[in-house]
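What follows is a short report on a single structure.
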Amino acid sequence: MPHVLVIGSANVDFTVGVPRLPQEGETVLGGALHASHGGKGANQAVAARRLGAEVRFVVCLGRDAHGDLIAEQLMGEGIPADGLIRVEETATGVALIAVDAEGRNQIAVAPGANLRLVPELAGRHAPLVAWAHVLLCQLEVPIPTVHWALATAREHAALTILNPAPAQALPDTLLSLVDCLTPNASEATLLSGITVKGPETATEAAQRLLDRGVRRTLITLGPQGVLFCDGTAALHFPAFPVQAVDTTGAGDAFNSGLAVGLAAGGTWEEAIPLANAAAALACTKRGAQTSLPSRAEVETFLRRLKS
Ligand code: RIB
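Just so we're aligned, residue 112 is where the sequence shown starts under our numbering, counting upward by one.
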């Protein structure tokens, strides 16, 4: 079975549907409030599990009611508790999310306990890095922890995937530990200095990111698909068309599809369609973890596309 280790965040998501996303200083009236499980790390861990991997997840949760709910949910998904760290005197992470009528979102995160995941604490789980075929990280936990995780995975020859979300500047020393960087257009723009608008500009940005040290880039372009670049080839994979109701968690589903496909020994050409299908299906349901598909759902979807 593929082994995927996720080191990252968990949040409780409070989501409201709105007719359109608010402008700066604007209040928009929306519908009912929905509370659900989220956080990029937790979403990616749950998505990888549902796609068929054995998953370990290193995360900091507060010792509060939200932390209890998240721990219970993760274990219910079949993710062992050995990486779940409970911290005192800091609340579990929370995200406030607005989703418009076309499924686009705006997210503000109160990271809380996620910022307590410092390298000293994550380092106690180093044996999990040795266990992993693929390490998957994001940027909702302290950057030194991401750096430690990537460097340790390199020592153990695990494949490293960094989803650089939420967007922030990163040093070349960290990027050079990344086997595959998976930014969206705005993250690729920030990290490369090249404004990414579609496959052509994504190819230029990808080359720039390779120059900065990453081994491969996979830039996600929403309905325009994804652009894979490894320095010898630039391949464009079109997106699978779906009626999007909520794109929250779609990027997380994509990263997990990629991680599971590669951890199972698949090629990039095999793993990327799996990732694309998981992301497409995640757009068709509301919420983050509520929308993440099972392996069977992804395979049925891919079969229907072929027939
Ligand atoms: O990627 C989606 C996630 O971003 C949400 O679940 C929210 O918690 C934020 O972390």
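Glycine is no exception: its CB is placed at the ideal position from the N, C-alpha and C atoms.
From a predicted model like this one, the values you see are computed outputs, not experimental measurements.
{"Asked": "State the beta-bridge partners of N421 as determined by DSSP.", "Found": "Lying outside 112 to 418, the shown extent of the chain, residue 421 is not represented and no answer is given."}
{"Asked": "Can you give, in chain order, each stretch of the alpha helix (DSSP H) that sits fully within the segment 254–288 and has at least 4 residues?", "Found": "254–266 and 283–286"}
{"Asked": "Identify which residue in A121, T328 and V129 has its Cα closest to the Cα of V356.", "Found": "V129"}
{"Asked": "Among E199, F168 and A399, which has the Cα closest to the Cα of L239?", "Found": "F168"}
{"Asked": "For the segment 163–187, list the alpha helix (DSSP H) runs that are entirely contained and at least 4 residues long, ordered along the chain.", "Found": "176–187"}
{"Asked": "Rounded to a whole number of angstroms, what is the C-alpha to C-alpha distance between T138 and T359?", "Found": "21 Å"}
{"Asked": "Assuming contact is defined by CB atoms lying nearer than 8 Å, are R491 and G189 in contact in what I supplied?", "Found": "Nothing about residue 491 can be reported from this structure: the residues present for the chain run from 112 to 418 only."}
{"Asked": "Say the cut is 7 Å; is the CB of K396 nearer than that to a heavy atom of ligand 1?", "Found": "no"}
{"Asked": "Could you spell out where the alpha helix (DSSP H) holding T88 opens and where it closes?", "Found": "Outside the displayed range of the chain (112 to 418) lies residue 88, so it cannot be described from this structure."}
{"Asked": "Out of curiosity, what's the CA-to-CA distance linking L162 and D124?", "Found": "22 Å"}
{"Asked": "On the DSSP bridge assignment, give the partners of I330 in chain order.", "Found": "L338"}
{"Asked": "When every heavy atom of ligand 1 is checked, does at least one fall within less than 7 Å of the C-beta of T359?", "Found": "yes"}
{"Asked": "Tell me which residue opens and which closes the beta strand (DSSP E) that L195 is part of.", "Found": "L195 to V198"}
{"Asked": "Are there any heavy atoms of ligand 1 lying less than 7 Å away from the beta-carbon of K308, as far as the coordinates show?", "Found": "no"}
{"Asked": "Verify whether the separation of the beta carbon atoms of T87 and V353 is less than 8 Å.", "Found": "Summary: the structure shown does not reach residue 87, with the chain confined to residues 112 through 418, and so no result is reported for it."}
{"Asked": "For N421, which option in G142, C291 and L140 has the closest C-alpha, if you only look at C-alpha atoms?", "Found": "Past the edges of the chain, shown from 112 to 418, lies residue 421, and the structure says nothing about it."}
{"Asked": "Should A361 and A388 be called a contact, given that it needs their Cβ atoms to be closer than 8 Å?", "Found": "no"}
{"Asked": "Over what stretch of residues does the beta strand (DSSP E) that includes S147 continue unbroken?", "Found": "L144 to G149"}
{"Asked": "Can we say the segment 177–188 touches the segment 151–158, given the rule of at least three CB pairs closer than 8 Å?", "Found": "yes"}
{"Asked": "Would you kindly work out how many angstroms separate the C-alpha atoms of R415 and V409, rounded to a whole number?", "Found": "10 Å"}
{"Asked": "Tell me, please, whether the segment 377–386 touches the segment 309–318 by the rule of three or more beta-carbon pairs shorter than 8 Å.", "Found": "no"}
{"Asked": "Report the rounded CA-to-CA distance for R197 versus D363, giving the unit in angstroms.", "Found": "23 Å"}
{"Asked": "Do V371 and P113 have their CB atoms nearer than 8 Å?", "Found": "yes"}
{"Asked": "Is V356 helix, strand or coil when you go by DSSP?", "Found": "coil"}
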